[in-house]
Amino acid sequence: MEPSLPGNIFKRINDTGIKSLALNPLRTLGIFLLATLVLVAVFAPWLAPHDPEQTGIPYRSPSAEHLLGTNDLGQDVFSELLYAGRVSLVVGFLSGIISIVIGVAVGVFAGYFRGWAEELLMGTTDVFLLIPGLPLMIILAAYLNPSMWNIILVVGLLWWCSTARLVHSRVLQVREMQFIESTRALGYSDLYIILKHVLVNTKDIIYAKFSLAVASAMLSEASLSFLGLGDPLNISWGEMIHFAFSRGGFANDMWWWYLPPGLMICITVLAFIMLTMEGKKDSKILEMI
Amino acid sequence: MSLLSIKGLSVTFDTLQGPFKAIEGIDLEVRERDTLAIVGESGCGKSVLGHATMRLLDDIATVKGSVRYRDREVYAMAREELLAMRGKAISLVPQSPSTSFNPVIKIGKQITELIEKAGIARGKDAERRAIEYLGRVGFKDPQTIFDTYPHRMSGGMCERALIAMSTSTEPDLIIADEPTKGLDALSRKNILDMLHKMTAGSTLIMITHDFNAAATCDKIAVMYSGEIVETGPTRVVLEHPAHCYTRGLIEAQPSRGMKPIPGRHTIGSHKSDGCRFRPRCGSATDECGRHPPLREIEDYRLVRCHHA
Numbered sequence: 016m017e018p019s020l021p022g023n024i025f026k027r028i029n030d031t032g033i034k035s036l037a038l039n040p041l042r043t044l045g046i047f048l049l050a051t052l053v054l055v056a057v058f059a060p061w062l063a064p065h066d067p068e069q070t071g072i073p074y075r076s077p078s079a080e081h082l083l084g085t086n087d088l089g090q091d092v093f094s095e096l097l098y099a100g101r102v103s104l105v106v107g108f109l110s111g112i113i114s115i116v117i118g119v120a121v122g123v124f125a126g127y128f129r130g131w132a133e134e135l136l137m138g139t140t141d142v143f144l145l146i147p148g149l150p151l152m153i154i155l156a157a158y159l160n161p162s163m164w165n166i167i168l169v170v171g172l173l174w175w176c177s178t179a180r181l182v183h184s185r186v187l188q189v190r191e192m193q194f195i196e197s198t199r200a201l202g203y204s205d206l207y208i209i210l211k212h213v214l215v216n217t218k219d220i221i222y223a224k225f226s227l228a229v230a231s232a233m234l235s236e237a238s239l240s241f242l243g244l245g246d247p248l249n250i251s252w253g254e255m256i257h258f259a260f261s262r263g264g265f266a267n268d269m270w271w272w273y274l275p276p277g278l279m280i281c282i283t284v285l286a287f288i289m290l291t292m293e294g295k296k297d298s299k300i301l302e303m304i
Numbered sequence: 008m009s010l011l012s013i014k015g016l017s018v019t020f021d022t023l024q025g026p027f028k029a030i031e032g033i034d035l036e037v038r039e040r041d042t043l044a045i046v047g048e049s050g051c052g053k054s055v056l057g058h059a060t061m062r063l064l065d066d067i068a069t070v071k072g073s074v075r076y077r078d079r080e081v082y083a084m085a086r087e088e089l090l091a092m093r094g095k096a097i098s099l100v101p102q103s104p105s106t107s108f109n110p111v112i113k114i115g116k117q118i119t120e121l122i123e124k125a126g127i128a129r130g131k132d133a134e135r136r137a138i139e140y141l142g143r144v145g146f147k148d149p150q151t152i153f154d155t156y157p158h159r160m161s162g163g164m165c166e167r168a169l170i171a172m173s174t175s176t177e178p179d180l181i182i183a184d185e186p187t188k189g190l191d192a193l194s195r196k197n198i199l200d201m202l203h204k205m206t207a208g209s210t211l212i213m214i215t216h217d218f219n220a221a222a223t224c225d226k227i228a229v230m231y232s233g234e235i236v237e238t239g240p241t242r243v244v245l246e247h248p249a250h251c252y253t254r255g256l257i258e259a260q261p262s263r264g265m266k267p268i269p270g271r272h273t274i275g276s277h278k279s280d281g282c283r284f285r286p287r288c289g290s291a292t293d294e295c296g297r298h299p300p301l302r303e304i305e306d307y308r309l310v311r312c313h314h315a
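Line order of the protein sequences matches chains A and B. Here this note's numbering is used: the first residue of the first sequence is 16, the next is one more, and so on. Here this note's numbering is used: the first residue of the second sequence is 8, the next is one more, and so on.
Rendered as structure tokens:
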């Protein structure tokens with residue numbers, strides 16, 4: 016008996032071209048939203064009407080001069096929103112990369128080599144999965160210096176477990192397939208087989224998981240920042256809500272201060288999730304994640 | 008000088024039910040340019056023998072005995088030497104052609120990869136060589152096959168592409184594991200002709216349970232229950248089988264009236280020490296309670312039977 020996966024998974028792994036996008040409006044929309052967000056973040060200094068640090072008259076309502084009014088220090092909220100996108104996206108991407116690199120490395124190593132390495136690595140993963148994530152993040156963020164890089168590390172180091180498990184289960188399937196044995200018979204080293212033959216058969220779940228990891232990391236960052244554990248020098252969307260909350264934005268019902276950053280977080284997370292959407296109903300990828 | 012010399016090779020798998028002896032005490036000499044067919048029914052250990060020859064099993068099974076390739080002990084080789092030998096000196100054409108390719112990499116890239124790994128050519132030269140070999144195995148439009156994903160091809164096409172891949176490094180020894188599996192009579196003949204054409208000048212070990220395929224090889228080794236029971240020149244063995252099992256197998260062929268061999272093939276565990284074919288053998292005597300050695304009955308003919 017030969018272990019095999021549903022054929023459609025493999026047939027669709029390479030469907031990443033423009034043609035497949037036409038069949039997948041959700042993913043196209045996700046890419047479009049994300050591209051816009053990234054461009055806005057990159058070109059924030061040119062797009063922002065004001066310097067976000069420059070102070071003026073506080074608590075102004077939206078007007079032509081200040082599209083989203085001003086905050087408690089008289090800083091332009093719209094400009095701050097554009098700049099905060101940079102922080103949120105950088106934190107999300109870097110934490111996502113850290114978690115995916117650790118998760119894939121652990122999953123592939125455990126799944127391919129099996130034996131005691133698998134026991135050790137997957138055991139560690141299970142222990143990490145048992146730890147309640149948010150409370151631990153709060154504790155770590157509270158005891159470490161409030162800097163953006165610490166947030167990235169904390170979120171990245173706690174989000175890899177589910178990726179590791181998922182990649183591990185796929186690698187377990189792939190390693191038993193005939194072509195892996197063939198590549199061994201052709202004399203390739205284990206590292207080469209992993210890099211060139213196992214990973215390409217895992218890339219669909221890695222992409223999807225990366226997208227979701229970035230979204231989760233952004234949400235975690237927003238939670239930590241909202242609780243006041245963010246980096247005060249690098250204001251993110253979560254922190255904007257924190258300041259709006261702690262400095263009278265909510266109490267005075269200044270929706271233009273607290274609503275936009277919340278909406279931006281929603282849109283960005285949604286864009287990342289739409290990226291992982293499959294066009295056809297028979298796809299198994301989302302079910303696995 | 009023999010190219011491949013196997014002495015006392017045994018492979019034991021550790022299972023939950025205890026040790027499982029897949030092959031035991033295999034002795035085999037393969038000289039250069041030999042074509043040898045290894046035949047036997049499913050589960051007799053043919054493929055395990057092929058894999059053990061390339062030392063592909065030593066991390067999942069206990070392997071005892073010696074495999075010498077060009078007077079180098081395969082089981083004493085350093086890892087780098089072993090990896091360099093596989094694919095370049097000894098090539099395996101695996102079973103199940105359609106699952107033997109990586110499903111997400113184009114055929115051409117997989118062949119080019121091997122040619123580059125073996126250090127025969129690089130870049131464009133390697134690609135040209137891959138296309139050339141795809142042409143040689145009978146593809147009319149090798150460039151198209153080069154750019155095709157494996158799942159778009161039929162089993163027979165994959166088998167041909169596999170043969171192109173395995174021979175593209177011009178290995179000295181090719182082990183073909185059931186190259187005619189799952190093909191109809193005509194494709195079978197084409198594949199066999201092509202395999203012999205592609206491996207002319209090399210040594211070929213063909214693992215098969217198809218006597219028509221075995222008949223295309225010069226020598227034959229018949230396996231039963233993890234042991235070699237008869238070896239010799241193919242024509243002589245097929246015309247005058249000396250072992251009762253070989254005789255039974257030949258008479259079980261559709262062209263010979265399809266007479267079944269009574270009883271069941273026992274593998275892995277043996278209660279008695281006697282001849283393993285004894286429970287199914289029509290001419291077994293008390294002497295068969297003693298395990299028969301593989302002995303020479305004529306020049307180049309070895310048989311594991313007391314009565315031969």
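Cβ atoms here follow ideal geometry from the backbone N, Cα and C, with glycine treated the same way.
{"Check": "Residues within the segment 90-118 of chain B neighbouring chain A, beta-carbon criterion of under 8 Å", "Outcome": "L90, A91, M92, R93, G94, K95, S98, L99, P101, Q102, S103, T106, S107, F108, N109, P110, V111 and I112"}
{"Check": "Segment contact flag, the segment 46-65 of chain A with the segment 229-239 of chain A, C-beta cutoff 8 Å, min 3 pairs", "Outcome": "no"}
{"Check": "Min CB distance L88(A) to chain B below 7 Å", "Outcome": "no"}
{"Check": "DSSP state of I97(B) mapped onto helix, strand, coil", "Outcome": "strand"}
{"Check": "Enclosing beta strand (DSSP E) for A29(B) [first to last residue]", "Outcome": "G25 to R38"}
{"Check": "Same chain, Cβ closer than 6 Å to P158(B), neighbours up to 5 away in sequence not counted", "Outcome": "Reading the sequence as shown, one finds His at residue 158(B) and not Pro. Excluding sequence neighbours, H158(B) sits near P110."}
{"Check": "Sequence-distant residues of the same chain with beta carbon closer than 8 Å to G281(B), five excluded per side", "Outcome": "C295, G296, R297 and H298"}
{"Check": "Backbone secondary structure at L43(B) - three-state DSSP", "Outcome": "strand"}
{"Check": "Sequence ranges, alpha helix (DSSP H) only - wholly within the segment 240-305 of chain B, length at least 4", "Outcome": "241-246 and 251-258"}
{"Check": "Residues that V215(A) contacts on chain B, provided the C-beta gap is smaller than 8 Å", "Outcome": "N109, V111 and I112"}
{"Check": "Top-ranked residue by Cα proximity to E234(B), from R86(B), S9(B) and K14(B)", "Outcome": "K14(B)"}
{"Check": "Ordered list of alpha helix (DSSP H) runs contained in the segment 41-86 of chain A, each at least 4 residues", "Outcome": "59-62"}
{"Check": "Whole-Å CB distance - A249(B) paired with C312(B), under 8 Å assumed", "Outcome": "7 Å"}
{"Check": "Neighbour flag for E303(B) against chain A, beta carbons, 7 Å", "Outcome": "no"}
{"Check": "Touch test, the segment 162-170 of chain B against the segment 97-110 of chain B, Cβ-Cβ under 8 Å, three pairs minimum", "Outcome": "yes"}
{"Check": "Nearest-angstrom Cα separation, counted from R285(B) out to T241(B)", "Outcome": "24 Å"}
{"Check": "Residue-level contact to chain B via CB, G202(A), 7 Å cutoff", "Outcome": "yes"}
{"Check": "R62(B) - partner residues in DSSP beta bridges", "Outcome": "Partner(s): none; R62(B) has no beta bridge."}
{"Check": "Closer than 7 Å to chain B by CB, F93(A)", "Outcome": "no"}
{"Check": "Segment limits, alpha helix (DSSP H) that includes G15(B)", "Outcome": "Run containing G15(B): none in the alpha helix (DSSP H); it sits in the beta strand (DSSP E), S9 to T22."}
{"Check": "Proximal residues, the segment 176-210 of chain A versus chain B, C-beta separation under 9 Å", "Outcome": "M192, Q193, F194, I195, E196, S197, T198, R199, A200, L201, G202, Y203, S204 and Y207"}
{"Check": "Minimum length 3: unbroken beta strand (DSSP E) runs contained in the segment 188-223 of chain A", "Outcome": "none"}
{"Check": "Same chain only: Cβ atoms within 7 Å of I72(A), ignoring 5 sequence neighbours per side", "Outcome": "T85 and G89"}
{"Check": "Distance CB(A96(B))-CB(P186(B)) smaller than 7 Å", "Outcome": "no"}
{"Check": "Contact residues within the segment 196-221 of chain B, judged by C-beta distance below 7 Å to chain A", "Outcome": "none"}
{"Check": "N160(A) versus V186(A) - alpha carbon distance", "Outcome": "38 Å"}
{"Check": "Where L63(B) meets chain A, residues with beta-carbon distance less than 9 Å", "Outcome": "E196, R199 and A200"}
{"Check": "Which listed residue (K116(B), M205(B), I198(B) and R287(B)) has its alpha carbon closest to that of Y252(B)", "Outcome": "R287(B)"}
{"Check": "Exposure label - M265(B); buried when at least 16 CB within 10 Å", "Outcome": "exposed"}
{"Check": "Option in D268(A), H257(A), A223(A) and M279(A) with minimal Cα separation from M289(A)", "Outcome": "A223(A)"}
{"Check": "Rounded separation between T19(B) and D200(B) - CA only", "Outcome": "35 Å"}
{"Check": "Spatially closest choice to S175(B) from Q24(B), Y140(B), M61(B) and V310(B), by CA coordinates", "Outcome": "Y140(B)"}
{"Check": "Contact check, I256(A) vs P275(A), beta carbons under 7 Å", "Outcome": "no"}
{"Check": "Pair within 7 Å by beta-carbon distance, D252(A) and M279(A)", "Outcome": "Checking the displayed sequence, the identity of residue 252(A) turns out to be Trp instead of Asp. A contact, by the Cβ cut-off of 7 Å."}
{"Check": "Chain A within 7 Å of L56(B), Cβ atoms only", "Outcome": "no"}
{"Check": "Length of the line joining the Cα atoms of I250(A) and F241(A)", "Outcome": "11 Å"}
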